[in-house]
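Okay, structure first, notes after.
Numbering (my numbering), first residue to last: 158 to 278.
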């Protein structure tokens, strides 16, 4: 039997803005990679895309924790997106096992949500 794990998260876009206002670069460096920041800052509404990535990172983290993995810093989970491809999660630390990680991100002007499905290889 395959041990599939699911994580999900929802975040208010305004929460990301408040954390940014309060902690500035320290918040961004703690949560996001340079690639993520660069990609989001090129968008019309960067805060919406940052919130989506934050939700995706939390969803991946929850799925990993439910599979028995140790907690990892959010900035070690990178959410990438190529032009015509769905978003992809890249884990930048060694894990106990290898996984296929599928993620989906959605957002409105006020909310961002993400789901992560974790399948052992």
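Idealized CB from N, CA, C, for every residue including glycine.
Nearest-angstrom Cα distance between residue i and residue j?
i	j	result
residue 269	residue 158	32 Å
residue 274	residue 250	18 Å
residue 189	residue 254	24 Å
residue 186	residue 230	11 Å
residue 220	residue 201	30 Å
residue 177	residue 170	11 Å
residue 199	residue 239	14 Å
residue 175	residue 204	10 Å
residue 266	residue 197	15 Å
residue 228	residue 241	31 Å
residue 180	residue 262	25 Å
Using the Cβ count rule (16 or more neighbours within 10 Å means buried), how would you classify residue i?
i	result
residue 247	exposed
residue 214	buried
residue 218	buried
Measure the CB-CB distance between residue i and residue j and report whether it falls below 7 Å.
i	j	result
residue 279	residue 244	With the chain running from 158 to 278 in the structure shown, residue 279 is simply not present.
residue 208	residue 173	yes
residue 161	residue 236	no
residue 210	residue 193	yes
Determine, for residue i, whether the minimum Cβ-Cβ distance to residues of chain C falls below 7 Å.
i	result
residue 250	The structure shown has no chain C; it contains just one protein chain.
With residue i and residue j assumed to form a contact (beta carbons below 8 Å), what rounded beta-carbon distance in angstroms separates them?
i	j	result
residue 272	residue 168	Actually they do not touch by this definition, with Cβ atoms about 13 Å apart.
residue 278	residue 256	6 Å
Could you please give me the residues that DSSP links to residue i through a beta bridge?
i	result
residue 264	269
residue 277	256
residue 209	Paired residues: none, contrary to the question.
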